[in-house]
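Numbering (this note's numbering), first residue to last: 26 to 170.
A virtual CB, placed ideally from N, CA and C, is assigned to each residue, including glycine.
Every value quoted in this text rests on a predicted model; they were computed, and no experiment measured them.
See structure below.
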C-alpha cells in the first residue's frame with residue numbers, strides 16, 4: 026500500500042512538472058516561433074500558450090514593437106562627384122514573426138545593409154545641390170524602395 030501511494034505521488038509530481046514545462050507565457054510586444062522537432066509550425070501570440078514539452082520548443086523570440094537602428098556615418102559620392110558625409114536612423118516594426126525569424130539570417134544586419142545601399146543609390150543619383158535642398162524627396166525615395 027505504501028509503495029502505491031509513493032508511486033502515485035511521484036507520478037503526480039512528474040505530470041505536474043510536464044505540464045509546467047509545457048506552459049509558454051509570451052510577453053506583450055513579442056511573438057515566439059514554435060518548432061516541432063526543429064521544424065517551424067506556428068507563432069505563439071502574447072499571453073498563455075500550451076505546447077507539449079519535449080515535442081515543441083520555442084525557436085525564436087521576435088520583438089514586434091517599433092525599433093530603431095542607427096545608420097553609421099558614411100561617405101557618399103554624388104552625381105557631380107562631390108563627397109557627402111551622411112548618417113541616418115531607421116525606424117522599423119516586424120509584422121510577420123515567422124518571416125523575420127526564418128527568411129533572413131540576421132534581420133538587423135540585413136536592414137542596415139539594405140538601408141545603406143539604398144541611401145548610397147538615392148544620394149549618388151543626385152547632384153550636391155539637390156541632396157542639400159531636397160531632403161523630403163530623398164526620404165520619399167528611400168521609403169518607396
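Proximity of residue i and residue j at Cβ, strictly below 9 Å
i	j	result
residue 78	residue 47	yes
residue 92	residue 71	no
residue 89	residue 55	yes
residue 58	residue 87	yes
residue 160	residue 147	no
Simplified DSSP assignment, three categories, for residue i
i	result
residue 130	coil
residue 142	helix
residue 60	strand
residue 54	coil
residue 152	coil
residue 34	helix
residue 68	strand
residue 147	helix
Beta-bridge partners of residue i, as assigned by DSSP
i	result
residue 40	Residue 40 is not bridged to any residue.
residue 49	74
residue 119	BP columns for residue 119 are empty, so no partner.
residue 108	102
residue 95	114
residue 86	57
8 Å Cβ shell around residue i - same chain, five flanking residues per side excluded
i	result
residue 136	94, 115 and 117
residue 60	66, 81, 82, 83 and 84
residue 112	95, 96, 97, 98 and 99
residue 62	80
Any non-hydrogen atom of the ligand FAD within 8 Å of residue i CB
i	result
residue 142	The model on display carries no ligand, and the ligand FAD is accordingly not part of it.
Proximity test, Cβ basis, 9 Å: residue i and chain D
i	result
residue 87	Among the chains of the structure shown, chain D does not appear; only one protein chain is present.
Neighbourhood of residue i by C-beta, 6 Å cutoff - its chain only, sequence neighbours within 5 removed
i	result
residue 129	135
Is the segment 101-110 touching the segment 77-91 in the sense that three or more CB pairs, one from each, lie closer than 8 Å? no
Contact between the segment 84-102 and the segment 134-149: three or more CB pairs below 8 Å? yes
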